[in-house]
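Residue numbers (UniProt numbering), protein chains in the order written: chain W, 1 to 153; chain V, 1 to 715.
Now the structure itself:
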């Protein structure tokens, strides 16, 4: 089955089993490896992408649902929120192993696109779906607050 | 080749803010290479350093990077001795080569036991100092001055008004003689060591460019998953692949020693194929006991009333039985479950088989053993192993038996020439064994009203980690210290002391889990001493300080520092623990809230003494992470064998992991020290569990002696 969608603004067309999760289309077909596999059942958030602007676990999103949609991945995420998040992440060296951080950054960026000055509770709600086994949570929280401050100007 | 260059958290509960120190970032950002550049134009003063004409200095890192920081730390050591500019530094994984890149603590290439910095500290400084001496000699010739007139600052050599960069001098330096034993800097002259240099791998880990094993795609590569036995010790009796081979994209279904492998054009087809596969298992040699039954058997053995494979007397002094008979005895039994490590990136790797050679990409933590396993399975001497960044490990990738490399090679052998990726799913990971051993401690002790310990009798029952594996010869016939490290060499003085270990056996495979034996001995010892002190009416900190006496100044210093940091109020419970592990000393105080009958940890104050602090920011990060990792397990984690031997848990829904709302604020203090550096990857983990349990007991009166504290309800 042929599926047409965009990834990071570029037109893409794939002919795959329609049940194939978006995660494996991005990785195996398009060789875009920034989006990670962690659990396969939407428990960890390592595979988070933006689907039509909303954060989505690509490991449980069949490619058939993506037809006609716009997908944004860590390789292409852009705009003031993404830049502020990535700069804040870098400034305090948030990552340890780094494997979950694509998903963390996609979730954090989506949060700041929706809430300009998130409270701790907002952060807990938006980020609780993203596991970090290195437990970089203290720094993730700080980096989101830092990014929000940058965006305020 | 991909080059990466350029170069206060708030608590849930919305109340407390603790600022992380702002990093002083005058230096540029160094980077790393996903693959070591194969440049012929580079100058290689030794096995660890490459200087390119473009003025970059690449440090070959013999230790795997999975977040604990060796890429940054070891690169810092070289940059320090060369007087390089941080922005010109690059890290890259060293090839698998035990002759050049052995862990000096192991005698083979590998990472573990928090040894990366400790074993590399002088080696990497000497490598940097040798390169520096050759650059100075080259500059002296070029400038027409004597070497002692040369100065180096931020990668530029100067004499008078002449100057040259490392890159400009590389060719001339290559013809200089490498000094055999170059002098290294006096620590008073350190310019980079001791500062918060930005990590070399951060940028690539924020833009999706960092390459892990799962990200390796080779031309024509197939992807494989393996159906493993659902019970430990079971084997394949037969299988029916008629439905699996009908799945579009499935290329081959084949039995290997580890199970039945499904090879396909892509991951989804492989997973679908495995789901359609029917395997009959031979359970005749399988573990069929439940973990509950094991707990009972282990408990009896720890109490010296049950059976074991072998009982070892580890330590004995005085007359424990008499002292217990004379004293006011406290007895406690602590039960620790099997634990899976569940690194974010499950086990995976790629092997490309060509005529007479194999090339492997994996997050290898034991390069020497893993390459040998591939070589043995394939019958090929020429194995080239690339050590990839790994998405966490916590011990899981350091396998005594190199089981993953052997399985990858078995799949590749069944596949024939070409490339194949083997991926374990999260379910494979959680059900796949190599667990922190299920362990039971039985402790009896007595303490006088004066706070002096009169007796300490400690029995431990657990499976070994070394015994029965290729690592057993390292024990030289002795007991498996991984079972009781941290319980031996008890720091709390007592004249009557005994430590026994009952070796238990099971087909369930075991492995070191972040902090190994300390993950349970730290809990048992620190909870038991706290309870004894409470019974004697002693303060937990003053009582510990008194028992530590004069022989443990570094334990006392971290304890005192943590006590100074802690801001205690009457609204919450507070508990303390101090654990020395891997030659690093850590004390933690936890602030715990009773939230509907279960503990919620609000804040943790942590003091650490790890000798010279090479990168304080990395040390703080490892303490934060070690606390989170330890707390997650103590609160939530257990692997359960059902009656019959099946594993109850399958994925993170049944094996919960701490998430951001549960993470406490963490404040870290590093004790200034001139001692050689020791590791920080593991030592942050052991104290948090007992600190929380002690807080809870002092607050509620309930001692937490069986982990996890908040088990998942059985459906």
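Cβ atoms here follow ideal geometry from the backbone N, Cα and C, with glycine treated the same way.
- Taking 8 Å as the cut-off between beta carbons, the residues of the region 91-107 of chain W near chain V are 91, 92, 93, 94, 95, 96, 97, 98, 99, 100, 101, 102, 105, in sequence order.
- Scanning its chain for C-beta atoms nearer than 7 Å, with the 5 sequence neighbours on each side dropped, one finds around residue 375 (chain V) the residues 381, 383, in chain order.
- Excluding its 5 nearest sequence neighbours in each direction, residue 146 (chain V) has C-beta neighbours in its own chain below 8 Å: 140, listed in chain order.
- Along the region 339-364 of chain V, going in chain order, the ones with a CB nearer than 7 Å to a CB of chain W are 342, 343, 344, 345.
- The beta carbon of residue 129 (chain W) is closer than 6 Å to those of 45 in its chain, skipping five residues each way along the sequence.
- Counting C-beta pairs with one atom in each stretch, the region 181-201 of chain V and the region 224-243 of chain V have fewer than three that are closer than 8 Å, which means they do not touch.
- Of all alpha-carbon atoms in V:366, V:295, V:250, V:135, the one lying nearest the alpha-carbon of residue 306 (chain V) is that of V:295.
- The beta-carbon of residue 624 (chain V) is placed less than 8 Å from the nearest beta-carbon of chain W.
- With 16 or more other Cβ atoms from the protein chains shown falling within 10 Å of its own Cβ, residue 555 (chain V) counts as buried.
- For residue 32 (chain V), no CB of chain W lies under 8 Å from its own CB, so it is not counted at the interface with that chain.
- Within the model, the alpha-carbon separation for residue 109 (chain W) versus residue 4 (chain W) is close to 25 Å.
- In this structure the region 394-412 of chain V does not lie against the region 322-338 of chain V, because fewer than three pairs of beta carbons, one per stretch, are closer than 8 Å.
- Residues of chain W whose Cβ lies closer than 8 Å to the Cβ of residue 201 (chain V) are, in chain order, 95, 98.
- Look at residue 259 (chain V) here: in three-state DSSP terms it is strand.
- Contact of residue 127 (chain W) with chain V is assigned, a C-beta pair being separated by under 8 Å.
- Look at the beta carbons and you see the region 437-455 of chain V touching the region 537-555 of chain V: at least three pairs across the two are nearer than 8 Å.
- Here the alpha carbon of residue 497 (chain V) sits roughly 57 Å from the alpha carbon of residue 152 (chain V).
- Closer than 9 Å at the C-beta level to chain V, one finds these residues of the region 22-38 of chain W: 23, 24, 25, 27, 28, 29, 31, 32, 33, 34, 35, 36, 37, 38.
- Contact annotation for residue 257 (chain V) against chain W: no contact, minimum CB-CB distance about 26 Å [criterion: below 8 Å].
- With a 10 Å radius around the Cβ and a threshold of 16 neighbouring Cβ atoms, residue 177 (chain V) comes out exposed.
- Taking the Cα of residue 570 (chain V) as reference, the smallest distance to any Cα among V:460, V:695, V:613, V:331 is reached at V:695.
- Cβ neighbours of residue 274 (chain V) within its own chain (closer than 6 Å, five residues either side excluded): 225, 227, 262.
- Between residue 572 (chain V) and residue 592 (chain V) a beta carbon distance of about 6 Å is seen, short of the 8 Å cut, so the two are scored as contacting.
- Rounded to whole angstroms, the gap between the alpha carbons of residue 426 (chain V) and residue 652 (chain V) is 8 Å.
- Collapsing the DSSP output to three states places residue 384 (chain V) in a strand.
- If you keep only unbroken alpha helix (DSSP H) runs of at least 4 residues inside the region 306-368 of chain V, you get 320-326.
- Separation of the CB atoms of residue 689 (chain V) and residue 523 (chain V) is rounded to 5 Å, and the pair is thereby assigned contact status at 8 Å.
- Boundaries cannot be given for residue 496 (chain V), as no alpha helix (DSSP H) includes it and DSSP labels it neither H nor E.
- When DSSP states are grouped into helix, strand and coil, residue 528 (chain V) belongs to the helix group.
- In the three-state reduction of the DSSP assignment, residue 25 (chain W) falls in the helix class.
- For residue 629 (chain V), the enclosing alpha helix (DSSP H) stretches over residues 616-636.
- Non-local beta-carbon contacts of residue 613 (chain V) in its own chain, meaning distances under 7 Å to residues more than five positions away in sequence, involve 194, 619, 670 in chain order.
- Residue nearest to residue 477 (chain V) within the set V:312, V:404, V:485, V:435 is V:312 (criterion: CA-CA distance).
- Against chain V, the CB of residue 59 (chain W) has no partner CB under 8 Å away; the residue lies outside that interface.
- At a beta-carbon threshold of 9 Å, the residues of chain W lying near residue 652 (chain V) are 38, 39, 41, 43, 44, 131, ordered along the chain.
- Here residue 153 (chain V) carries a strand assignment [DSSP, helix/strand/coil].
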